[in-house]
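J.: This is the structure, below, for whatever I ask next.
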Amino acid sequence: MLGMLVWEEMPSAYEFWDGGVREIADTCLEMVERDYNHPCIITWVPFNESWGIRDVLWDRRQQAFAESMYHLIRSVDDTRLISTNDGWEAVRTDIIGIHDYENRGSVLAEKYADRERLIKMNAVDKMVLSRGMEYGGEPVLLSEFGGFAMEDGSEVSWGYHEKLKGPEKLLEKIEELLEAVDHIPYLFGWCYTQLTDVEQETNGLLSADRKPKADMDRIREMITGRQR
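Quick note: the sequence shown uses my numbering, first residue 7, plus one each step.
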């Protein structure tokens with residue numbers, strides 16, 4: 007039987023406004039109460055990439071709101087992890103989740119070689135921690151990376167980089183990045199972006215109708231062969 011571990015994420019607001027505070031809090035409580043008994047859920051994510059709290063890096067109101075969402079979720083569920091603002095500009099959180107679509111393995115390895123240096127700098131033009139926040143030993147995860155799309159003749163579809171020409175090139179780039187992240191000693195985990203294509207975002211390992219774009223056995227070997 008195939009099992010799946012789920013990080014459940016809130017829908018993202020576009021910007022911060024007074025009325026949104028109550029709406030987001032109410033929606034988050036409804037989400038947790040509705041899905042609490044699903045054992046596959048291991049992490050709650052109230053914010054992603056500072057959407058809805060765009061000035062959280064420096065704005066104390068938005069920092070207070072994000073932190074309050076952490077404590078609100080913790081008050082109704084003390085059994086799961088919370089990644090309060092996954093991606094960058096972290097506030098009070100159980101996980102430092104970083105999104106970084108660097109496509110060169112050597113650059114990725116060098117950037118993440120030293121955790122203390124990384125925490126004080128930016129991961130991808132965004133600071134890892136919001137101002138005034140101190141690193142408290144939370145596990146660091148590369149919770150989004152990869153993002154490769156292949157040539158498909160479309161001017162609408164996209165990935166995070168120049169489109170790759172064929173499945174062999176896709177496998178080559180995936181292996182290059184996996185080799186890099188495998189040698190980051192403090193990294194607790196990673197999540198490759200992404201499993202399937204979603205509308206115009208065609209950086210999936212599978213198409214939207216779940217057809218593999220490359221040899222899945224080779225991808226499995228790359229992943230399982232790198233387990234510590």
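Ideal Cβ positions, reconstructed from N, Cα and C, are used throughout, including at glycine.
For Leu177 versus Tyr198, is the C-beta distance shorter than 9 Å?
T.: The sequence position of residue 177 within the sequence shown is 171, counting from 1. The sequence position of residue 198 within the sequence shown is 192, counting from 1. Result no, Cβ atoms of Leu177 and Tyr198 do not sit closer than 9 Å.
J.: Do you know offhand how far Arg234's Cα is from Thr33's?
T.: The residue given as residue 234 occupies position 228 in the sequence shown. The residue given as residue 33 occupies position 27 in the sequence shown. Model confidence at Arg234 stands at a pLDDT of 48, short of 50, so the residue's coordinates are unreliable and nothing is read from them.
J.: Should Val12 be labelled buried (16 or more other beta-carbon atoms within 10 Å of its own) or exposed?
T.: Locating residue 12 in the sequence shown gives position 6, counting from the first residue. It is exposed - the Cβ of Val12 has fewer than 16 other Cβ atoms within 10 Å.
J.: Could you have a look at Ala119 and say whether DSSP puts it in helix, strand or coil?
T.: Here residue 119 corresponds to residue number 113 of the sequence shown, with the count starting at 1. Reduced to three states, the DSSP call for Ala119 is coil.
J.: Let me check understanding here. Comparing Cα to Cα, which of Thr99, Val27, His189 and Lys217 lies closest to Leu114?
T.: Indexing the sequence shown from 1 puts residue 114 at position 108. Out of Thr99, Val27, His189 and Lys217, His189 has the C-alpha closest to the C-alpha of Leu114.
J.: Whose C-alpha, out of Arg66, His77 and Phe154, is nearest the C-alpha of Thr90?
T.: Here residue 90 is taken as the residue at index 84 of the sequence shown, counted from 1. When each option's Cα is compared against that of Thr90, the closest is His77.
J.: Going by DSSP, what residue range makes up the alpha helix (DSSP H) through Ser18?
T.: Residue mapping note: residue 18 aligns to position 12 of the sequence shown, counting from 1. No alpha helix (DSSP H) contains Ser18, which DSSP labels as neither H nor E.
J.: By DSSP, does Gly103 sit in helix, in strand, or in coil?
T.: Taking the sequence shown and counting its residues from 1, the one referred to as residue 103 is at position 97. In the structure shown, Gly103 sits in a strand (DSSP, three-state: E or B).
J.: For Val38 versus Glu73, is the C-beta spacing smaller than 9 Å?
T.: Sequence index remark: in the sequence shown, residue 38 carries index 32 (1-based). Sequence index remark: in the sequence shown, residue 73 carries index 67 (1-based). No. Outside cutoff.
J.: Are there three or more Cβ pairs, one per stretch, closer than 8 Å when the segment 203-212 is compared with the segment 140-157?
T.: Cβ pair count under 8 Å is three or more, so yes.
J.: Mapping the DSSP letters down to three states, classify Glu185 as helix, strand or coil.
T.: One-based indexing of the sequence shown puts residue 185 at position 179. The answer is helix: DSSP assigns Glu185 an H, G or I state.
J.: Check Arg234 in the structure and name its three-state DSSP category.
T.: Stepping through the sequence shown from its first residue, residue 234 is reached at position 228. With a pLDDT of 48 at Arg234, under the threshold of 50, the modelled position of that residue is not reliable, and no figure is offered here.
J.: Output the distance between the C-alpha atoms of Arg80 and Ile88, rounded to the nearest integer angstrom.
T.: Translated into positions along the sequence shown, residue 80 becomes position 74. Translated into positions along the sequence shown, residue 88 becomes position 82. Distance between the alpha carbons of Arg80 and Ile88: 8 Å.
J.: Using the three-state DSSP reduction, which class does Tyr192 fall into: helix, strand or coil?
T.: The residue you call residue 192 lines up with position 186 of the sequence shown. Coil at Tyr192, not helix or strand.
J.: Distance check for Asp24 and Lys179, CA to CA, integer angstroms please.
T.: Here residue 179 refers to the residue found at position 173 when the sequence shown is read from its first residue. Here residue 24 refers to the residue found at position 18 when the sequence shown is read from its first residue. Computed Cα separation, rounded: 44 Å.
J.: How is the alpha helix (DSSP H) around Leu78 delimited, first residue to last?
T.: The residue labelled residue 78 in the question sits at position 72 within the sequence shown. That run of the alpha helix (DSSP H) goes Arg66 to Val82.
J.: Note down, in chain order, each residue of its chain lying with its Cβ closer than 7 Å to the Cβ of Glu185, except the 5 sequence neighbours on either side.
T.: Position 179 of the sequence shown holds residue 185. Once the five neighbours on either side are set aside, the close Cβ partners of Glu185 are Gly111.
J.: Determine whether the beta carbon atoms of Thr134 and Ile104 lie at a separation below 9 Å.
T.: Stepping through the sequence shown from its first residue, residue 134 is reached at position 128. Stepping through the sequence shown from its first residue, residue 104 is reached at position 98. The question names Thr, but residue 134 is Val in the sequence shown. Yes, these two residues count as a Cβ contact at 9 Å.
J.: Would you mind working out which of Met156, Glu205 and Ser136 sits nearest Glu93, comparing C-alpha positions?
T.: Translated into the one-based positions of the sequence shown, residue 93 becomes position 87. Sequence check: residue 93 is Gly here, not Glu. Checked all of Met156, Glu205 and Ser136; the closest Cα to Gly93 is Ser136.
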